[in-house]
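With the sequence shown counted from 1, adding 6 to any position gets you this note's numbering. Everything on this sheet refers to the single structure shown next.
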Amino acid sequence: MKNDTAWHHPIHLHGHAFRVLRRNGRPTQHKEWQDTVLMWPREEVEVAFVADNPGHWMFHCHILEHQEGGMMSVVEVG
Ligand SMILES: [Cu+2]
Numbered sequence: 007m008k009n010d011t012a013w014h015h016p017i018h019l020h021g022h023a024f025r026v027l028r029r030n031g032r033p034t035q036h037k038e039w040q041d042t043v044l045m046w047p048r049e050e051v052e053v054a055f056v057a058d059n060p061g062h063w064m065f066h067c068h069i070l071e072h073q074e075g076g077m078m079s080v081v082e083v084g
């Protein structure tokens, strides 16, 4: 994921837990399971998760004004 904005965004995925592998290309030290990652302005984050929970899962910024402004999508796991 790439944050092309000048603001922080706590990005949240429903239905799965993921691990943050890299931030701006640099490997993360701790790869704990999480369902939200706080993205810094202009930051690029690489995550990995096992898509083993079929359904349509919301994927959005947890700041409600941002979500309502369009920072929301659906991840389809078939
Ligand atoms: Cu946001």
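Each residue gets a CB set at the ideal place from its N, CA and C atoms; glycine is no exception. Predicted model only: the values in this text are computed from it and were never measured.
- For GLU82, the enclosing beta strand (DSSP E) covers residues 78-83.
- Between HIS15 and HIS72 a beta carbon distance of about 6 Å is seen, short of the 8 Å cut, so the two are scored as contacting.
- Around the beta carbon of LEU70, fewer than 16 other beta carbons lie within 10 angstroms, which makes this residue exposed.
- According to the DSSP secondary-structure assignment, TRP63 is paired through a beta bridge with VAL81.
- Looking at the DSSP output, HIS15 sits in a beta bridge with MET45.
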